[in-house]
Amino acid sequence: MTLEYTGRLDDETVFDTSRKSVAEETGLAEAQPEREYAPLTVEIGDEQVIEGMEEGLIGLEAGATETLTIPPEKAYGEPTDENIQEFETEELREMLGGQTPEEGSYLEAQNGSQGEVIHVDDETVRVDFNPRLAGETLTFDVEIVDVN
81 MTLEYTGRLD DETVFDTSRK SVAEETGLAE AQPEREYAPL TVEIGDEQVI EGMEEGLIGL
141 EAGATETLTI PPEKAYGEPT DENIQEFETE ELREMLGGQT PEEGSYLEAQ NGSQGEVIHV
201 DDETVRVDFN PRLAGETLTF DVEIVDVN
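So the sequence shown is residues 81 to 228, counted in this note's numbering.
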């Protein structure tokens with residue numbers, strides 16, 4: 081199935097969209113200049129999208145528009161302490177070619193996941209690898225373009 085979508089947080093912040101016009105209005109296009117905005121094609125059952133979105137798409141026909149509200153447990157889960165990793169400052173500095181990470185900056189782990197540096201001192205650096213949208217209820221406005 082192919083769909084257009086716009087995802088919002090509880091405070092109405094748009095965090096993702098397939099529509100270029102929405103991306104331009106909300107500043108997403110500026111933040112991700114290399115991204116192409118186009119309808120999303122998903123195969124139901126392939127787990128290409130979060131569980132709550134997949135469930136909400138089942139049975140929708142071409143031309144349908146729907147608003148899906150997805151709680152954290154069917155989206156990116158709740159943040160957990162297990163996803164916060166601690167590194168020795170000196171060790172991490174060596175891995176980063178001599179640079180000391182700053183709080184608020186992002187690091188990429190070997191598995192490709194992004195983590196936010198949440199604490200830095202002489203001894204330790206703590207990095208939060210919880211998904212950026214963990215703990216959030218997500219609302220998606222979807223329009224079904226095509227069903228195959």
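Think of the CB as a built atom: it goes at the ideal place given N, C-alpha and C, for glycine as much as any other residue. A quick note: this is a predicted structure, and the numbers were derived from the prediction, not measured.
Query: Beta strand (DSSP E) segment containing residue 176, residue limits; Result: Neither: residue 176 is in no beta strand (DSSP E) and is coded neither H nor E.
Query: Per-residue DSSP class, three states only, for residue 132; Result: helix
Query: Expected contact under 8 angstroms - CB spacing of residue 148 and residue 224 to nearest Å; Result: Between residue 224 and residue 148 the Cβ distance is about 12 angstroms, and since that is not below 8 angstroms, they are no contact.
Query: In chain order, each beta strand (DSSP E) run of at least 3 residues that lies wholly inside the region 86 to 162; Result: 94 to 97 and 145 to 150
Query: Local conformation of residue 217 per DSSP, three classes; Result: coil
Query: Residue 150 and residue 218 closer than 7 angstroms at C-beta; Result: yes
Query: As assigned by DSSP and simplified to three states, the class of residue 171; Result: helix
Query: Check whether residue 191 and residue 159 have beta carbons under 7 angstroms apart; Result: no
Query: Residue 226 versus residue 90 - alpha carbon distance; Result: 28 angstroms
Query: Same chain only: Cβ atoms within 6 angstroms of residue 121, ignoring 5 sequence neighbours per side; Result: 82
Query: Cβ distance (whole Å) where residue 188 is taken to contact residue 194 below 8 angstroms; Result: 6 angstroms
Query: Per-residue burial, residue 130 [other beta carbons within 10 Å of its own, 16 or more giving buried]; Result: buried
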